[in-house]
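If you want the numbering used here, it's the 1-based position in the sequence shown plus 753. Below is one structure, written out as structure tokens, with a few remarks after it.
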Amino acid sequence: MLNRLNNKEYLYAFIGIAVLLRLLLMPFFSHVDLYSEYRRVFYVLENGLFLENSYRFVTFWLEMAGAAFSTLFINVSDGLFHLDDPTQSTSNLTDYGFFLNDPNIFRHLFFFKLPYLIFDIATAVVIWKFVDNPVHKRIALLLWLFNPVTLFATYIFGRFEVFGLFFLALTALQLKHHKFMLASLCFALALHCREINLLFLPYFLIALIDFKDHWLKNGVTLVGCLILIALIYALPNWLLSAINGQAPLLFVDPNASHDMEILNKLFSLGYYWFYPIIVCLAALAFWEWENSNATHAERFVLTSACALFVFFAFNSHSVHYSSWLVIFPVLAVQFGRRMVFPMIVFTGLWVVLWLLKTDAGVFTLFLAAPLNTDFIGLGHFPTWFNQHIANEHLNLNKAIHIVRSLFLVSMAFFAYRVLKRD
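This is how it looks when you write it as structure tokens:
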């Protein structure tokens, strides 16, 4: 039956199914990070401090709009989200327990995730417009709408990663149509959603170059776009300074902000991954420069995808961060890259890695707490692993290292498929 649908009917049908799936997930899952995030949002709303913080400006304003809308349906005046000290905004488990036992918990979770749903579906539409081949359109749409990683990050864990992913997809779409200023605007907005997007700036700038044009025209384009990005990136701080005389950072521990230990470790090879990442990212920039015959959008998408593969090959972050790995491989389908099998391998290893490497808030305790604190019925999975699988030859730590190594291989496989021309 699906084969008989034209492209427009296919789009509507699968977006309808995807929305239904998301609506079923939205009210029933939570993580302490979601509650912490919205305590910050309600602190700003309660105190009328709408221009008091430049940190993730776009993300925070979108969440504030969603929270303000939710107050039309839910009474939040009972102090549930009250925050005494904005520098200590991460919720403790006692406060989180009150949140989970609130009679409005399901409505809270639904409305808090509603902005994520809007941008998630908007991203699907951008992907649909970006990919030209009718068959590839369908593949890209399904990879975005039904991959477990973004579903988990957005609707189960409950994080805002989809905002930045939307603006990155929109950046690629504007590059495809040679609208460089609009692309720069979208990229600047992506920077205000997540700091990680700075990783893609060199590849975005190189992608703007048209090697058939005179160097002066390319120089004007590059400088103009870079100035636009810089102005938009600096705008929140300028507004804050103009209104308040300073640009305070709410929700940041003042003691942690002066701690230079992390920076010192970074440049002293305390993080073993630092130099390999720099080498690989620089190599990608040269690769992008050499592939001058490719389109602007193709160069941006493929090198940005590989930059993420490099980053995650050497790093292991929180479980929801892996959602960043989805958008560029999906967009790469436009350029004939075969992404289905690498996506399956990556997803499978992601599940296994985070089952083994989990904490109390990832796949078990507190994740599905509105319904059950032991949703999967296995308790804390590492404990179950130690009781039923681990032996003298394979302990939990060794299992994590094995799967982490395989995850690195999956990143290499992704990069191979992205860089290989069929």
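Glycine is no exception: its CB is placed at the ideal position from the N, C-alpha and C atoms.
Counting only the Cα atoms, Pro1095 lies some 30 angstroms from Phe781. In terms of CA proximity to Gly1101, Asn900 leads the group Asn900, Pro868 and Asn1139.
Ala943 is the residue among Ala943, Gly832 and Thr903 whose C-alpha sits nearest the C-alpha of Phe919. Here the alpha carbons of Leu764 and Ile892 stand approximately 11 angstroms from one another.
In the three-state DSSP reduction, Cys946 falls in the coil class, being neither helix nor strand. Per the coordinates, the alpha-carbon of Ala1047 lies some 47 angstroms from the alpha-carbon of Leu1147. Between the region 920–930 and the region 873–880, the count of Cβ pairs shorter than 8 angstroms is three or higher; the stretches touch. The DSSP-derived three-state label of Lys932 is coil. Nearest Cα to Leu1149 within the set Leu969, Ala1168 and Trp1107: Trp1107. In this structure Arg1174 is exposed. Its beta-carbon is surrounded by fewer than 16 other beta-carbon atoms within 10 angstroms. Distances from the alpha-carbon of Ile980 to those of Ser937, Ile959, Leu961 and Leu969 put Ser937 closest. Judged by DSSP in its simplified three-state form, Lys965 adopts coil rather than helix or strand. Residue nearest to Tyr986 within the set Leu1003, Glu948 and Thr974 is Glu948 (criterion: CA-CA distance). In this structure, Glu1043 keeps its C-beta atom at 7 angstroms or more from the C-beta atom of Tyr956. Straight-line measurement puts the Cα of Ala821 at about 33 angstroms from the Cα of Thr1111. Between Val1093 and Cys1059, the alpha-carbon positions lie close to 16 angstroms from each other. Shown here, Arg1170 sits in a helix according to DSSP, grouped into three states.
Annotated as distal: Ala960 and Arg1091, with beta-carbon spacing of 7 angstroms or more. Between Leu815 and Pro868, the C-beta spacing is below 7 angstroms. The Cβ-Cβ distance between His784 and Phe910 falls below 7 angstroms. Burial state of Phe872 is buried, judged by a 10 Å Cβ sphere holding 16 or more other Cβ atoms. If you check the CB distance, Leu836 and Arg792 come in under 7 angstroms.
By the CB criterion at 7 angstroms, Phe1081 and Ser1057 fall inside the cutoff. Spanning the alpha carbons of Leu862 and Gly769 requires a straight line of approximately 21 angstroms.
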